[in-house]
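Participant: Here this note's numbering is used: the first residue of the sequence shown is 76, the next is one more, and so on. Once you've had a glance at the structure underneath, I'll fire off some questions.
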Amino acid sequence: MKTISIVAVLLLIASFGPMTVQASDWENYEIINQLLTLTGPSAPVIQGNFVIFTANSSLRRVGISFAHEDFRNVYWFRQLAITQDPLNAPIPPGQKAPDPYIDSGIQFYVHEVPPHLRELEYRIVINGLWTVDPSNEMTRRDPVSGLSLSVLHLPPRPLRPNPLSTMPEGLTFTYRAAPGELVTVGGNFNRWDPFMYEMREGPAGVYSIMIPLPPGNYQYVFFHRGQRYVDPNNPSRIYARDGSAASVIEVPN
Numbered sequence: 076m077k078t079i080s081i082v083a084v085l086l087l088i089a090s091f092g093p094m095t096v097q098a099s100d101w102e103n104y105e106i107i108n109q110l111l112t113l114t115g116p117s118a119p120v121i122q123g124n125f126v127i128f129t130a131n132s133s134l135r136r137v138g139i140s141f142a143h144e145d146f147r148n149v150y151w152f153r154q155l156a157i158t159q160d161p162l163n164a165p166i167p168p169g170q171k172a173p174d175p176y177i178d179s180g181i182q183f184y185v186h187e188v189p190p191h192l193r194e195l196e197y198r199i200v201i202n203g204l205w206t207v208d209p210s211n212e213m214t215r216r217d218p219v220s221g222l223s224l225s226v227l228h229l230p231p232r233p234l235r236p237n238p239l240s241t242m243p244e245g246l247t248f249t250y251r252a253a254p255g256e257l258v259t260v261g262g263n264f265n266r267w268d269p270f271m272y273e274m275r276e277g278p279a280g281v282y283s284i285m286i287p288l289p290p291g292n293y294q295y296v297f298f299h300r301g302q303r304y305v306d307p308n309n310p311s312r313i314y315a316r317d318g319s320a321a322s323v324i325e326v327p328n
């Protein structure tokens, strides 16, 4: 069994172990599962509303900037470290415990694509030098600056139904994961109990539950494989001082 942890300065995004997940905008089952399948740097991977960019971990520092933001922001890649079982192997007397984290050879950045875009234009900065993406053969010359840009064409994206629907009898929560999983939901409406509300699967990989809730403002997370996940389809969130996040929904009067 392979587990994954995403290592960055002062931030551990996810770990398929007993550690609490610190939520981020792109964090959902599909993205984490895609990261688990990576065996090395590759061309950009489109996953729903997100794009995963990768580079070799041997590069000192890699960043990316996008034309739709007028190249105002630089997003720095993060190292991808993996651990492999057995994690609790006995340590011979007098020997130092080995570092459980192994360099995967990959650093990455996950970008959420604005709904109106049909392609991404971007540039990569590698060790302080701006260039096109070496993993993407599609480029274009900017007629204004004369610089070469990397281009990624995006497939049509169907409108996704809102997974939260308020009905007279309550609030319906929906979550996507692999088929045959145990998924629950909890929040300030049940004192964050991770066991009280088990979601039912149907169709395959789609889990939902309707909870009778009176009008009010509610915070919630999904519990899956021992981890906490914010709702990837609900942009409304609240953050605690420790960096953990919860999704927020309001049931109107």
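We put the CB at the ideal spot given by N, CA and C, even for glycine.
Check whether the segment 127-144 and the segment 182-190 are in contact - that is, three or more C-beta pairs closer than 8 Å.
Facilitator: yes
Participant: What does a CB cutoff of less than 7 Å around proline 290 pick up in its chain, not counting 5 residues either side in sequence?
Facilitator: Sequence-distant partners of proline 290 (beyond 5 residues in either direction) whose C-beta falls short of 7 Å from its own C-beta, in its chain, are Val326, Pro327 and Asn328.
Participant: To which residues of the same chain is phenylalanine 248 closer than 6 Å at the C-beta, ignoring the five residues directly before and after it?
Facilitator: Val260 and Ile284
Participant: Is it buried or exposed for proline 119, if we count other Cβ within 10 angstroms and need 16 for buried?
Facilitator: The residue is buried, with at least 16 neighbouring Cβ atoms inside 10 Å.
Participant: Beta-carbon separation of glutamate 194 and leucine 229 under 8 Å?
Facilitator: yes
Participant: For leucine 113, which residues in the same chain have their Cβ closer than 6 Å to its Cβ, ignoring the five residues on either side in sequence?
Facilitator: Only Ile181 meet the Cβ criterion.
Participant: Which same chain residues, not among the five before or five after isoleucine 201, have their C-beta less than 7 Å away from its C-beta?
Facilitator: Leu134 and Val137
Participant: For glutamate 144, which three-state DSSP category applies?
Facilitator: helix
Participant: On the DSSP letters alone, give me the boundaries of the beta strand (DSSP E) that methionine 285 sits inside.
Facilitator: 281-286
Participant: Nearest-angstrom Cα distance between asparagine 131 and alanine 320?
Facilitator: 30 Å
Participant: Assuming histidine 143 and leucine 222 are in contact, meaning their beta carbons sit under 8 Å apart, how far apart are those beta carbons, in whole angstroms?
Facilitator: With a Cβ gap of about 16 Å, histidine 143 and leucine 222 do not count as contacting.
Participant: Which first and last residues belong to the beta strand (DSSP E) in which arginine 316 is found?
Facilitator: Unbroken run through arginine 316: none, as it is neither H nor E.
Participant: My guess is that arginine 336 and tryptophan 205 are in contact by the Cβ rule of under 8 Å, so how many angstroms apart are they, rounded?
Facilitator: Given that the chain is displayed from residue 76 to residue 328, the structure contains no residue 336 and the question cannot be resolved.
Participant: So, for asparagine 211: in the same chain, excluding its five sequence neighbours on each side, which residues have a beta-carbon less than 7 Å away from its beta-carbon?
Facilitator: Hits under 7 Å: Ala118, Pro119, Ser225 and Leu227.
Participant: Per DSSP, what kind of secondary structure is arginine 275 in: helix, strand or coil?
Facilitator: strand
Participant: Tell me the residue span of the beta strand (DSSP E) that contains glutamine 170.
Facilitator: Where glutamine 170 is concerned, there is no enclosing beta strand (DSSP E), given that its DSSP letter is neither H nor E.
Participant: Just the C-alpha distance for proline 331 and proline 168, rounded to the nearest angstrom, thanks.
Facilitator: As displayed, the chain neither begins before 76 nor continues past 328, which places residue 331 out of reach and without an answer.
Participant: Does the beta-carbon of glutamine 302 have 16 or more other beta-carbons within 10 angstroms, so that it is buried, or is it exposed?
Facilitator: By the neighbour-count criterion, in which 16 or more other beta carbons inside 10 Å mark a residue as buried, glutamine 302 falls on the buried side.
Participant: Roughly how many angstroms lie between the CA atoms of tyrosine 314 and leucine 110, to the nearest whole one?
Facilitator: Their backbone Cα atoms lie some 25 Å apart in a straight line.
Participant: Name, in chain order, the residues that DSSP records as bridge partners for leucine 195.
Facilitator: In the DSSP output, where bridge partners are listed per residue, leucine 195 has Leu227.
Participant: So histidine 186 packs on phenylalanine 125, CB below 8 Å; how close in whole Å?
Facilitator: Separation of the CB atoms of histidine 186 and phenylalanine 125 is rounded to 7 Å, and the pair is thereby assigned contact status at 8 Å.
Participant: Check for me: the beta strand (DSSP E) holding proline 298 runs from which residue to which?
Facilitator: It should be pointed out that residue 298 corresponds to phenylalanine in this sequence rather than to proline. Note, phenylalanine 298: beta strand (DSSP E), 291-299.
Participant: In whole angstroms, what is the alpha-carbon distance linking phenylalanine 270 and isoleucine 286?
Facilitator: So the two alpha carbons sit approximately 14 Å from each other.
Participant: Can you give me the Cβ contacts of proline 218 inside the same chain, cut-off strictly under 7 Å, excluding the 5 residues immediately before and after it?
Facilitator: Exclusion of the five residues before and after proline 218 leaves no residue of its chain whose Cβ lies closer than 7 Å to its Cβ.
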